[in-house]
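In case it helps, the working numbering puts the sequence shown at residues 176 to 759.
Some notes on the structure that comes next.
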Amino acid sequence: MKNLIYQCGFSVINMGDYGNISNGCHSVFLSGGEYRRTGGRTILKSIILLPVMMTKSSKIDYSKTGYFSSLVLDYLNGDEWLKQFYSLKPSFESVNDSIEGKKKQTINRTELVQSLLNQYGKLLDRNSETYQNVLAINDENTFTVTTAHQPNLFLGPLYLVYKISSAINLAEMLNEKFPQKKFVPVYWMGSEDHDTEELNHIFLYGKKIEWNPSSKGSFGNQKTDSLHGMIKEIELIAGNSEYAKDLIRLLNDCYMESATIKEATRKFVHHFFGQKGLIILDGDDRDLKKIFNPILKDELLKSNSDKWVSLTSSVLKEKYEPQIAPREINLFYLTGTLRERIVKEGNRYKVLNTDLIFSEEEILEELNNYPERFSPNVVLRPLYQEMILPNIFFIGGGAEVSYFLLMKKMFDYFQIHFPIILLRDSALIIDKNSSEKISKLGLKTEELFFETEKLIKKWTLNHSDNFQLEKEKSELKKVFDELNKTVVSKDKSLEQQVNAEWARSLKFIQSIEDRLLKSEKRKHEDSINQIRKVKEKLFPGNSLQERRVSFIEFYLSEGKKIFDLIHDSFNPLEQKFTILNLGN
């Protein structure tokens with residue numbers, strides 16, 4: 176049986192020789208008929224329509240969430256002062272200019288394609304969308320849209336899924352808008368990152384499940400052979416549903432049958448997104464770093480990245496706090512169990528926390544012989560990425576948007592095209608149970624983003640007799656105003672005393688209001704506890720859900736369909752925050 180899921184479903188069905196289904200307001204399975212895809216439509220000859228769960232998605236402005244910095248919000252709003260820090264605005268109108276800019280840069284497409292084929296090895300089916308996209312990179316009219324992230328264990332928090340979905344969506348939109356070109360989505364896997372504490376755990380239903388590998392060095396090169404205990408712990412929590420069994424099989428197949436985290440992550444991500452043509456590129460690649468060698472050499476000898484990023488940072492500081500601070504040398508030294516900073520001390524280069532010391536001649540020889548041992552940090556990695564890829568869009572979170580804005584002068588100096596910077600989609604997924612509680616409580620979508628106590632106060636006000644003493648405050652204010660006029664006309668020195676008495680009186684009334692509020696809260700204790708539980712469920716630790724919760728929670732209730740629902744609700748160019756309600 177062949178199935179297609181439309182999140183928005185159908186609004187028009189014309190049955191005759193053909194049925195035409197276009198997006199509307201219900202979800203359906205399209206099952207058992209002949210169909211073909213043309214653009215955004217599915218044309219069917221004979222079908223069976225099976226209704227499925229209706230899922231409601233809505234959007235709000237990022238500014239209304241309270242979770243995004245002023246820098247990011249100003250960037251989204253096209254702030255004039257910020258335009259000095261980037262080349263092209265994030266829109267369809269900028270695409271042709273970005274393409275023309277990229278064409279001026281030499282891209283070693285042949286080497287890139289070969290490296291990708293080598294990295295995938297036998298994982299890549301020659302009939303797959305990803306394989307076709309990899310080969311398409313050989314064509315000068317193929318361009319990439321890229322997102323980047325470390326290989327979080329089991330995909331980590333939801334935002335990695337959101338990054339990838341945003342890149343896939345954008346590539347699809349560009350292919351439809353500019354059919355004379357081809358656009359492919361890329362996930363740059365930052366396997367060289369060594370921040371184990373950030374990458375070694377997931378949160379599942381509020382419980383932190385953690386893995387402590389025995390070795391050091393890059394997280395992507397950690398061996399997976401000790402992961403079975405963590406997978407078993409997930410299995411105990413997940414239960415015995417078919418989705419749970421499928422998940423555990425997948426975790427075992429991807430992670431226990433792989434030698435390293437980066438190999439396992441490639442399999443895991445490819446399983447979920449390979450059918451969408453996603454290309455996974457690992458920057459930890461000897462041949463790709465050979466291409467990057469001239470900039471690595473410049474970094475060791477001249478430190479130009481520090482110069483240009485520091486210069487930009489000094490300007491940005493006039494209005495915003497810079498996201499990152501460059502170093503004199505923005506490189507790590509990388510081997511199997513080691514990733515430590517390279518620092519320059521006089522005429523020598525030292526690898527911190529080791530006995531390794533190089534002269535200038537020796538470190539250049541090391542670079543020439545072993546380019547894979549030189550690992551860019553957060554300042555140089557974007558330059559490496561954009562030197563390697565025929566990239567026109569970079570899709571990142573708020574922090575990445577912020578630090579990319581520091582890099583334009585550095586890109587210009589090295590004559591590397593500066594991509595269009597696009598904020599990835601962000602989302603709040605409301606599970607069925609929370610959706611029912613929200614509906615019963617009568618909460619509005621935007622109210623969910625209120626600070627908890629503010630939300631409780633607003634809800635209590637809406638569900639209680641008016642206990643705010645606004646009328647009394649207004650009447651008392653009139654009395655004091657009249658008193659003030661009379662007193663001042665006779666003795667101006669008493670004005671301060673009258674004002675002080677008014678302030679004390681107002682404070683007294685407010686204290687009465689606070690007591691009345693507490694009394695009302697006691698009457699609604701059960702509902703208020705429900706509000707607190709909903710807030711903690713959807714905003715764990717008062718953070719965005721996407722920064723804590725694993726996709727696994729929603730996979731266990733929805734299966735792979737959760738990825739389709741996310742995909743169908745996203746539109747990165749819309750630049751809105753998505754609320755995906757699984758309970759409607």
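Positions of the beta carbon are idealized from the N, C-alpha and C atoms, including for glycine.
- Annotated as distal: Q307 and D368, with beta-carbon spacing of 7 Å or more.
- Distance between M562 and R556, taken at the CA atoms: about 10 Å.
- For G276, the uninterrupted alpha helix (DSSP H) segment begins and ends at V270 to K278.
- Of all C-beta pairs linking the region 264-274 to the region 587-597, three or more are shorter than 8 Å, placing the two stretches in contact.
- Under the DSSP assignment, I517 falls outside any alpha helix (DSSP H), being part of the beta strand (DSSP E) whose first and last residues are L513 to E520.
- DSSP, read as helix, strand or coil, puts Y524 in strand.
- Using a Cβ-Cβ distance cut-off of 8 Å, the region 277-291 and the region 313-322 are in contact, since at least three pairs of beta carbons, one from each stretch, lie closer than that value.
- Collapsing the DSSP output to three states places L506 in a strand.
- M405 is positioned such that its CB atom lies closer than 7 Å to that of I384.
- N674 and N659 have their C-alpha atoms spaced approximately 8 Å apart.
- Annotated three-state conformation of D457 is strand, per DSSP.
- One thing to note: V320 has its Cβ within 7 Å of the Cβ of F358.
- When the five nearest sequence neighbours on each side are left out, the beta carbons in the same chain lying within less than 7 Å of the beta carbon of V576 are those of V247, Y250, I596 and L598, in order along the chain.
- In this structure, the straight-line span from the alpha carbon of D459 to that of L527 is close to 21 Å.
- Straight-line spacing of the CA atoms in Q289 and F714 works out to 43 Å.
- In the structure shown, the three-state DSSP call for I312 is coil.
- The beta-carbon distance between T512 and S390, rounded to whole angstroms, is 5 Å. This is short enough to meet the 8 Å contact definition.
- The secondary-structure analysis by DSSP pairs F568 across a beta bridge with V320 and I595.
- R707 is the residue among K338, F726, R707 and L506 whose C-alpha sits nearest the C-alpha of F625.
- Note: S233 is bridge-paired with I754 in the DSSP secondary-structure output.
- With contacts defined as CB atoms closer than 7 Å, I235 and E535 fail to qualify as a contacting pair.
- Annotated as distal: F533 and L542, with beta-carbon spacing of 7 Å or more.
- Counting along the chain, no beta strand (DSSP E) covers W483; the unbroken alpha helix (DSSP H) around it starts and ends at N479 to L491.
- In the same chain as L636, and ignoring 5 residues on each side of it, no C-beta atom comes closer than 6 Å to its own.
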